[in-house]
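Note that this note's numbering has the sequence shown beginning at 6, numbered continuously upward.
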Amino acid sequence: MSDRPRLLPLLGATRHGARDAMTCLYRCGNACDHPVPNSSDNPYFGDLIEAEVSRRGVVRAGAVGALVLGFGGTVAGALAGAAPAAAAPAAPTAPAAAPRGGVGSGALTFDPVAPNKLDALVVPDGYDHAVVIKWGDPVVPGAPEFDVRAQTAAAQAKQFGYNNDFVGVLPIDRRRALLVVNHEYTNEDLMFPGFTSQDALSVEQLRVAMAAHGMSVVEIERVDGTGQWRPVRGGRRRYNRRVTALATKFELTGPAAGSAWLRTAADPQGRTVVGTLNNCAGGVTPWGTVLSGEENFNQYFVGGDGAPEELKPKLARYGIPTDVRYPSGSRKWERADERFDLAKHPNEAHRYGWVVEIDPFDPDSRPRKHTALGRFKHEGANVIVAKDGHVVAYMGDDERFDYLYKFVSDKKFMPGDSWVARKHNLTLLESGTLYVAALEGNSAAEIDGTGKLPSDGAFDGRGRWIKLVRGNRSYVAGMTAADVLTFTRLAADKVGATKMDRPEDVEPSQLTGKVYVALTNNTDRGKAGKAPADEANPRNVNKHGQILELIEDRGDNTAETFAWSLPIVAGDPADPSTYFAGYDKTKVSPISCPDNVAFDATGNLWISTDGNALGSNDGLFATAVEGPERGHLKQFLTVPLGAETCGPFIKKDNRSVFVAVQHPGEITGASVEHPASTWPDGDFAKPGVVVTWRHDGGPVGS
């Protein structure tokens, strides 16, 4: 048993920025320690312009007073005074009312939660929350009871996986729904008692980690007509399913399927892949399936130094070092499955980095990887049906200085829930046109890297979608369609796409058609040899990130040109480099590192954060994006110590907010025996999905 001392949680005290070094190690394989993969000399943005507290953890906002962190004077005062200090009841004091009709006015009237460093989930006064499901809970009927000291791959393949990220809730009827969750990565330090190193793990423990990756589908039910939900524990539960990196087979679709780049010794046809890796965000489609983005897949492979010489530049562009056998952060999975050794199977890495589609209503169906949507470090994919019926998917490549993409389907969406419509719609992402974005501003000469607004009072401009490929036709010189789709980053480099500050979640509003992009941060912006600040990325050494709003021309999501602006430039509102759509910043919550975005039924934008560089725990925020309250950002909740806020998902009836609490207690020095967080059960940290609702059954946010 390990006897390592527990270190105090000094958030932000590493050279990895606001994230703890342990998170950097396990989540992205120490990406910040490696060179930025994008070394292309395509024009920078500016060049384009110039050319033209309890075990249960139920804490309310009013109980946070003494733990409020120090921010700019007016902001701290406004937040600290938002609600009087009061002890929170463990449960509603009166029976919760059944949800009322309607989704509310959309007014965000809750008292904001103050910044804090509590090891608890903090929600506003008038709200409650509950853990829906957590790591190790049963998913597949007959799953064994979880025992952290006796884990097996067979058991984990039936239990809820580790480090939940994307959350989707698909209704079955008024009382039941399917919860679909991604399991992005594992942290063996916090999973296995006595952990010392990756090399010391047994092959069975490696297989446990592989089984803990992937996705879960879980049938849930509403609790007594409230906004609370819980897993269905009895009956057939025919939809419940685990998808893993260990054994689940995926079908490749689209123009690159079967190409030479995707063929391996185990799959000479290049059409069937075992497993999915590092599934980050995602989206729910209008036809009732879930899209999941494969992100930091590079960290699972070794042997890049032994790959064919002609392949090495392509591997390097995807963050796979080719000068050493074992890169920093390597998981050593090749000890359990040699396909992760690129010296033996150099094409295996090309079979990850795709958008995955799973049909949760058909538990016997094979999930698919859609090559038509391109291969990069997908944060996720979100879909809207354009006015003419074509389906448009928006996507971000989560890497410093990488790009923003969209896909427009060849076929049109068929409305209705008939068998014929569903069969047709399941093919929509198999063929279409893939674009990458180029942005131009209108105040280039005034951008100095400080975040100072230009004289026209806004960071804004125009943009165009550059066509990369349509079906089997490539629009990139010297590259075939299969080349473009397999090495999409290289294709985007060639056409001069705009380098962005880590484009993560990209979500179109189903009410307005406007598109919102979370640009999380980029502390390399403006450093020697790196792209300087520009109007879409207006701060050098960007620690806090921004939100980009994109409006397609004519309100047509298939258009090839658009207008853009930055409604939110994140950080402490007292900092002059921040901006909140012109709203009074003394009334705005501090926010840092926006990651995932979602909409409620009335069109409010909800933003979750990852790696808060202001010193507080990460959280979930909400703001109007239309009308006089546009930019009035308010913090709705905070997650426990060391955790990241993922998801989020707001039920269409506006009665329930779901978030995934990812990597609680992920702080250097922590272990199962010496946890930095004991959320949610009071023993050791377990990632889990949480639902929050109003005591009176009313619309959330109001």
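No residue lacks a Cβ here, since even glycine has one placed at the ideal position from N, Cα and C.
Rounded distance between the beta-carbons of residue j and residue i, thought under 8 Å
i      : j      : result
Ala125 : Trp684 : 7 Å
Phe381 : Cys285 : In fact, because the Cβ distance is near 12 Å, the residues do not count as touching under 8 Å.
Thr438 : Arg475 : 4 Å
Ala502 : Ala442 : 6 Å
Arg180 : Arg227 : 5 Å
Tyr167 : Pro692 : 6 Å
Ala629 : Leu282 : Their Cβ separation, rounded to whole angstroms, is 37 Å, which puts Ala629 and Leu282 out of contact at 8 Å.
Thr643 : Val145 : With 8 Å as the limit, Thr643 and Val145 do not qualify as a contact, their Cβ atoms being about 33 Å apart.
Residue i - DSSP class collapsed to helix/strand/coil
i      : result
Cys274 : It is Gln, not Cys, that sits at residue 274 in the sequence shown. Gln274 falls in the coil class under three-state DSSP.
Pro692 : coil
Leu84  : Its pLDDT being 39, under 50, Leu84 is placed unreliably in this model, and the value from its coordinates should be taken loosely. Leu84 falls in the helix class under three-state DSSP.
Tyr244 : coil
Gln304 : helix
Gly259 : coil
Leu490 : helix
Gln515 : coil
Cys651 : strand
Thr201 : coil
Gly311 : helix
Val58  : Residue confidence for Val58 is low, a pLDDT of 39 falling below 50, so the modelled location carries little weight and cannot support an answer.
Pro508 : strand
Pro143 : strand
His188 : strand
Asp422 : coil
Ala536 : coil
Gly51  : Here Gly51 scores only 39 on pLDDT, less than 50, and its place in the model should not be relied on; the value that follows carries that caveat. If DSSP states are grouped into helix, strand and coil, Gly51 belongs with the helices.
Ala103 : Caution applies to Ala103, whose pLDDT of 38 falls short of 50 and renders its modelled position unreliable; the value that the coordinates give is listed next. Coil at Ala103, not helix or strand.
His355 : helix
Arg405 : strand
Val136 : strand
Glu209 : helix
Gly550 : coil
Gln156 : coil
Thr643 : strand
Asn283 : coil
Arg322 : helix
His395 : strand
Within 8 Å, strictly: CB atoms of residue i and residue j
i      : j      : result
Ala523 : Gly531 : no
Ser45  : Asp407 : no
Leu646 : Asn617 : no
Leu434 : Ala377 : yes
Phe255 : Val278 : yes
Pro117 : Ser594 : yes
Ile225 : Leu184 : yes
Ser613 : Thr650 : yes
Tyr244 : Val222 : yes
Leu211 : Trp359 : no
Gly147 : Lys122 : no
Val694 : Val137 : yes
Gly632 : Tyr588 : no
Leu473 : Tyr440 : yes
Leu553 : Ala564 : no
Ala250 : Gly298 : no
Gly287 : Gly379 : no
Gly232 : Gly608 : no
Tyr399 : Val520 : yes
Gly309 : Ile325 : yes
Paired residues, beta bridge with residue i - DSSP
i      : result
Ser479 : Val474
Thr628 : Leu610
Glu226 : Arg181, Arg235
Trp569 : Gly466, Leu555
Ala603 : Trp611
Arg699 : Tyr132
Arg344 : Answer is none; Arg344 lacks a bridge partner.
Same chain, Cβ closer than 6 Å to residue i, five either side skipped, listed in chain order
i      : result
Tyr584 : Val574
Arg105 : Only weak support is given to the placement of Arg105: the predicted model assigns it a pLDDT of 49, under 50, and the value that follows is read from those uncertain coordinates. No residues qualify anywhere along the chain.
Phe492 : Lys319
Thr294 : Glu362, Asp364
Chain-order list of residues whose beta-carbon lies under 7 Å from that of residue i (same chain, five-residue window excluded)
i      : result
Gly401 : Glu384, Leu409, Pro508, Glu509, Asp510, Val511, Val522
8 Å Cβ shell around residue i - same chain, five flanking residues per side excluded
i      : result
Trp611 : Val602, Ala603, Phe604, Asp605, Leu625, Phe626, Ala627, Phe641, Pro653, Ile655, Val662
Arg268 : Gln274, Gly275, Asn352
Leu458 : Phe464, Tyr584
Pro368 : Val222, Arg243, Tyr244, Asn245, Arg246
Trp292 : Phe418, Ala426, Arg427, Asn430, Leu431, Leu433
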